[in-house]
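Counting in our numbering, the sequence shown runs without a single skipped number right up to 301 at its last residue.
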Amino acid sequence: MKQIETNPRELIDMETLERVAPIIRNVANPLRLRILDYLDQAGEPRSVGDIMEAAGAGQATVSQQLRILKDQGVLAARRERNFVMYSIADRSVLLLLECIRHNPQSRK
Numbered sequence: 194m195k196q197i198e199t200n201p202r203e204l205i206d207m208e209t210l211e212r213v214a215p216i217i218r219n220v221a222n223p224l225r226l227r228i229l230d231y232l233d234q235a236g237e238p239r240s241v242g243d244i245m246e247a248a249g250a251g252q253a254t255v256s257q258q259l260r261i262l263k264d265q266g267v268l269a270a271r272r273e274r275n276f277v278m279y280s281i282a283d284r285s286v287l288l289l290l291e292c293i294r295h296n297p298q299s300r301k
């Protein structure tokens, strides 16, 4: 029996994996994923108040989650009058949301 030749992909180098592992670890939280999903769907920067409403969580909890995402470089923040507006800075994390949306096991 003849074996079909395949072109195996190279493994991701350890330096890259070490760099992205903390980002993945910090994004892998249901509330943080919800925040990212909301900001992705919104398509424009949103205030803490908007994010609180969409996430269904209080100000202290949301602010803590936003800080974690911002410290990892996943979110960007800018002051607009009396508000801090958040947006997604690292759009590559949205690939995780796409995997979740299209995973049959994530559906009830």
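Glycine residues also receive a C-beta, built at the ideal position from the N, C-alpha and C atoms.
>> Tell me the DSSP secondary structure of GLU237 in three-state form.
In response: If DSSP states are grouped into helix, strand and coil, GLU237 belongs with coil.
>> For the alpha helix (DSSP H) containing GLU273, name the first residue and the last one.
In response: Under the DSSP assignment, GLU273 falls outside any alpha helix (DSSP H), being part of the beta strand (DSSP E) whose first and last residues are 268-273.
> Does the pairing of the segment 213-232 with the segment 254-268 give three or more beta-carbon distances under 8 Å?
Replying inline: The segment 213-232 is in contact with the segment 254-268.
> What does a CB cutoff of less than 7 Å around ALA248 pick up in its chain, not counting 5 residues either side in sequence?
Replying inline: The beta carbon of ALA248 sits closer than 7 Å to those of LEU224, ARG227, ILE228, TYR231 and VAL255, all from its chain and outside the five residues before and after it, given in chain order.
> With DSSP run on the structure shown, which of helix, strand or coil describes ILE216?
Replying inline: ILE216 falls in the helix class under three-state DSSP.
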